[in-house]
Amino acid sequence: GEPLPVEKAEGDALTGGTLNKNGSLIMRAERIGAETTLSRIVELVAKAQRSRAPIQGLADRVSFYFVPAVVLVAVAAFIAWAIFGPEPSLIFAIVSAVSVLIIACPCALGLATPMSIMTATGRGAHAGVLIKEAAALERFAAVDTLIVDKTGTLTEGRPKLTDVVAAAGFSEDELLVYAATLEKGSEHPLAEAIVDGAGQRGVKIAEASSFEAVTGKGVSGTVSGKKVALGNAAMMADLAIDVSAILGRVEALQGDGKTAMFVAVDGKLAGIVAV
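No gaps in the numbering here: position 238 of the sequence shown is 235 in my numbering, and each next residue is one more.
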């Protein structure tokens, strides 16, 4: 349920309405129309908007007695002004009766709750929160303890560059130049986070060549005449690059819920970047 990128391989199920952020693919539609996940989400929102909150029952019961009472008061006002009012008494009687009906009309009792529910469920859906029924929305007002998942719920759900750790012989800016330049050619959300982070830090991004994306591992290419690779431990193992010197820092970052990626330059570990 989190708005985070998920790696997909051949044979995996895809959800309609999601975005392909990297590479190209051929899909086979197995469900269409109302059977799709997106349609079910839309129907869930519509069902919540049509549902009735418990407080609506109270409003209906009040309206059941209030409406006849208002009509009786309007009739009484008409009779009183027609008999005891000044001339033209009939005109005063009609105006008085209509005024009572307009002022005391219980329209708000019948409209306020449905409109509030529709507005709340619509705004919730826009923010990625699906409210299943109006009763749940009403009960939520009495909640004093809320337990939620952090990522994508309390946070924005968009990766951001958080850490740049350079290995011996490299500076943080130099490491970030290699990483951001290489990732500029990738469409992966983590790559976008690195490029955006480099821009925010004022790092000038160069041009990369011979770019190659390795599914499930990382990317590689040439930056300023040097072979650069950025990816996970599996990619570093494929390149026979020793990452043991910085592995402890990687585990610490992962313990904080971050995604750490190794950067290698000309076959040598240059450091890690984390998002």
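Glycine is no exception: its CB is placed at the ideal position from the N, C-alpha and C atoms. This one's a predicted model, so the numbers in the text were calculated from it and none came from an experiment.
Under 8 Å between C-beta atoms of residue i and residue j
i	j	result
D170	V200	yes
Q46	T118	yes
A190	K223	no
S48	E135	no
L266	A164	yes
P103	V64	yes
I38	V162	no
A132	P2	no
G252	M232	no
Identified DSSP bridge partners for residue i
i	result
A224	First, the residue type needs correcting, since residue 224 is Lys and not Ala in the sequence shown. Its beta-bridge partners are T219.
M258	V270
V162	I269
S206	T219
V211	G215
Same chain, Cβ closer than 6 Å to residue i, neighbours up to 5 away in sequence not counted
i	result
S93	A74 and W78
A139	none
G121	I128
T12	T34
T219	S206 and S207
G14	L35
Sequence-distant residues of the same chain with beta carbon closer than 7 Å to residue i, five excluded per side
i	result
A188	E180
L250	D160, A257 and A271
V247	A257 and I269
D263	K223 and K224
R155	none
K18	P2, E184, H185 and P186
Chain-order list of residues whose beta-carbon lies under 8 Å from that of residue i (same chain, five-residue window excluded)
i	result
L87	A79
K255	T159, D160, A271 and V272
A109	A56
I202	V174, A177, T178, K181, V192, A195 and G196
E40	A31
M24	L11
Rounded distance between the beta-carbons of residue j and residue i, thought under 8 Å
i	j	result
Y175	V225	5 Å
E287	T178	Nothing can be reported for residue 287: it is not among the residues displayed for the chain, which extend from -2 to 272.
L98	A56	The Cβ separation is near 19 Å, so there is no contact.
A90	V70	Not quite, the Cβ-Cβ distance comes to about 13 Å (not below 8 Å), so this is no contact.
L236	A261	6 Å
G213	E4	6 Å
F259	A230	7 Å
Complete alpha helix (DSSP H) runs within the stretch 71 to 122 (minimum length 4 residues, chain order): Counting whole runs of 4 or more residues, the stretch 71 to 122 contains the alpha helix (DSSP H) stretches 86 to 101.
Continuous alpha helix (DSSP H) assignments of at least 4 residues falling wholly in the stretch 6 to 60: The stretch 6 to 60 contains these whole alpha helix (DSSP H) runs: 34 to 47.
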